[in-house]
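Residue numbers (full-length UniProt numbering): 1 to 765.
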């Protein structure tokens, strides 16, 4: 834990200081960044070192590249005999990861070709029904027209995979595409088939297995591209046919996360390998609570390298909501995905002694539990110390809970662990109550005893009833199995990270929402009250933006099958402009934190829409030169831009592009309430319809804003034709924007066949 990764480059020097690890988004939350120094008495850390590629020299072999990287090191081995060099990077960045002291790094600065070095960081890991909920049918429609994602390889960077799960069977799978160069390394202990076509593990250069010992990576991979599995269920709940969003796509697995933590140097090594393997998509459910500058972010750096190879990068927004500006990934070339709910509930009704019924959820619903038998309620936090309310280990000692229903607040430990504490203390059942910031988002978890998870509002009703009834307070839980038609749906999960972005110049993030609450997918372990050795295929419900991102990765696979010539920015545009910002009842999507209409920086463009994304009508594309101008416009130095774009850049020779002028599919502007300035944004749309098409504009202006266009009609005569227009944004002097810091609206281009929606975000200053 005390080592860090070092990368060297031969162009310019950047100092990117990380004091943590790369984290996974797991079971409802992204894991946090932690300090990696660990008190190493020798001062050794892993550094990522960026170096400038020598002009006129091409390293044809990996051995030549490694020798050149070793030339920057004081020696090739440590006193322990371990190698200093952990990874040599060619594609993801120009540089390497190595074990060094701070003094050795300072000495390295004098070597020709050194650019900069930064300490390694660690980040964290942040479905029978969701394909149907998103409009995908097994027998017709978008799945059939896109061949279920056939011929596409999705690279999953996570905790590995449990390869024997039936979700990864290759029944009905074709061979992987000939251009794919990956394989299952002998060290990975994963045997390839036509579903899993690659598997590798990266842990500071060590030889380790790619087998998933966490579960997160298995769950994520099956959401993206799991094969069809009939009669999938969790403890008898949500029985149905499970599949990924692209069930005929292939998977290439890159394990970088161990015990919930992922090192930057390993993430870069995985992206490097994925690029060399020629995957089509990289899916990452990892992140941290606050974004790094692009020069400090391995996902931003590696994803830009992937972009140059026409590889789409999809990442989880993070699980640090409902606070603003908590996004893990803000780079415009990364498709950032927030989490939403579905209309399915695994219903566990709490019935109080006064007859009040409160809707909760739980995946464990034993038939042996007598719901007609009212039991006494115990709230440990009412009589014992602060931690007792969270039902942590030891908090129920010397408290009589035998045969009673124990009320526990969320927080401190996982909900399932609370149940184990209650069960051990003799409790008959458990009611879990949300804290205020968790609002209306509840989890259907595989508990070890009868339980129900309630919203914050309903939890208050339990507390009010208990205070009024005291010793006579009674309750029971009525289990109702799987229920559909819950409203409102979809809604933004309370934990889903929100904008506005801090590092990208104001571009709207997250881009879209996808299902991320109580998602049923493959799981390598038994769940429920009596875990045993694995005998039957198991599934589990998990929640998090970790679950949302692979939904979009699978949808991108469908798009790539249908439109192999589309660039990553074109696909990102299609995803954004086809998303739906209305729920199933035609109302604006709500935020489960407050149960009110979600702000634009929580919902992004809205719920991802697979059928619309495959046939978007118009595209807004961005090329790498545009991104170079954008980075210069953000104020990055020549050295920093050189590192990010992978070639030597002088910003004085580049036309800078302001973030709001990037040809992004969404529109975002900062305005002062007193300003009379008119801000003009230019966009260029490409027709990707089959025939000539005419579009007319429809504007839903954000409150307090006037929006005008240079053209209110766009006419196309042929596919591939471009048309440009300007959007003029100013303060509406006759309409107040209210007290909110943000306003949202949209510009729609409507034809007889398509509705192309550009979401519009206003930040008030």
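C-beta atoms are modelled at their ideal positions from N, C-alpha and C, and glycine is treated no differently.
Residue environment for residue 60: exposed (fewer than 16 other C-beta atoms within 10 angstroms of its C-beta). Looking at the DSSP output, residue 687 shares a beta bridge with 618. Residue pairing by DSSP places residue 520 opposite 541 in a beta bridge. Straight across, the Cα-Cα distance linking residue 423 with residue 354 is about 26 Å. Looking at the backbone, the Cα of residue 590 and that of residue 633 are separated by about 35 Å. For residue 749, there is no enclosing alpha helix (DSSP H); the enclosing beta strand (DSSP E) has its first and last residue at 742–750. If you look at residue 630, you'll find it in the alpha helix (DSSP H) that goes 624–633. Residue 230 carries a strand assignment under DSSP once its states are collapsed to helix, strand and coil. According to the DSSP assignment, residue 68 belongs to the alpha helix (DSSP H) that extends over 62–70. Membership of residue 132 in the alpha helix (DSSP H) is indicated by the continuous run 130–133. Note on residue 406: 16 or more other CB atoms within 10 angstroms of its CB, so buried under the neighbour-count rule. Taken in chain order, the whole alpha helix (DSSP H) runs of length 4 or more contained in the stretch 357–442 are 415–424.
Residue pairing by DSSP puts residue 250 in a beta bridge opposite 153. Inter-residue distance for residue 709 and residue 573 is about 20 Å (C-alpha atoms, whole angstroms). By the neighbour-count criterion, in which a residue is buried when 16 or more other Cβ atoms sit within 10 angstroms of its Cβ, residue 111 is exposed. Following the DSSP letters along the chain, one finds residue 513 in no alpha helix (DSSP H) but inside the beta strand (DSSP E) bounded by residues 512–515. Bounds of any beta strand (DSSP E) do not take in residue 307; it lies within the alpha helix (DSSP H) bounded by 298–308.
The DSSP-derived three-state label of residue 335 is strand.
Annotation for residue 104: the continuous alpha helix (DSSP H) segment containing it runs 102–108.
Minimum Cα-Cα distance from residue 310 among the listed residues 292, 319, 334 and 326 corresponds to 334. Note on geometry: alpha-carbon atoms of residue 358 and residue 429 lie some 15 Å from one another. DSSP links residue 596 through a beta bridge to 591. For residue 495, the number of other beta carbons within 10 angstroms of its own is at least 16, and it is reported as buried.
Under the three-state reduction of DSSP, residue 237 is assigned to strand.
Taking the Cα of residue 659 as reference, the smallest distance to any Cα among 676, 282 and 635 is reached at 635. With contacts defined by Cβ atoms closer than 9 Å, residue 163 and residue 125 do not form a contacting pair. Looking only at 189, 262, 661 and 156, the smallest Cα-Cα distance to residue 297 is reached by 262.
Cβ-Cβ distances below 7 Å link residue 113 to 10, 51, 52 and 54 in the same chain, with the five nearest sequence neighbours on each side left out; the list follows chain order. Counted as a single uninterrupted DSSP element, the beta strand (DSSP E) harbouring residue 722 occupies residues 722–731. Looking at the DSSP output, residue 119 sits in a beta bridge with 47.
The beta-carbon separation of residue 732 and residue 706, rounded to 4 Å, stays under the 8 Å limit for a contact. If the five residues before and after residue 556 are omitted, its C-beta is found closer than 6 Å to the C-beta atoms of 281, 312 and 571, all from its own chain and listed in chain order.
Residue 341 is classed as buried because its beta carbon has at least 16 other beta carbons within 10 Å across all chains shown. In the three-state reduction of the DSSP assignment, residue 148 falls in the helix class. Ranking 246, 306 and 235 by CA distance to the CA of residue 270 puts 306 first. Residue 723 and residue 683 have their C-alpha atoms roughly 8 Å apart.
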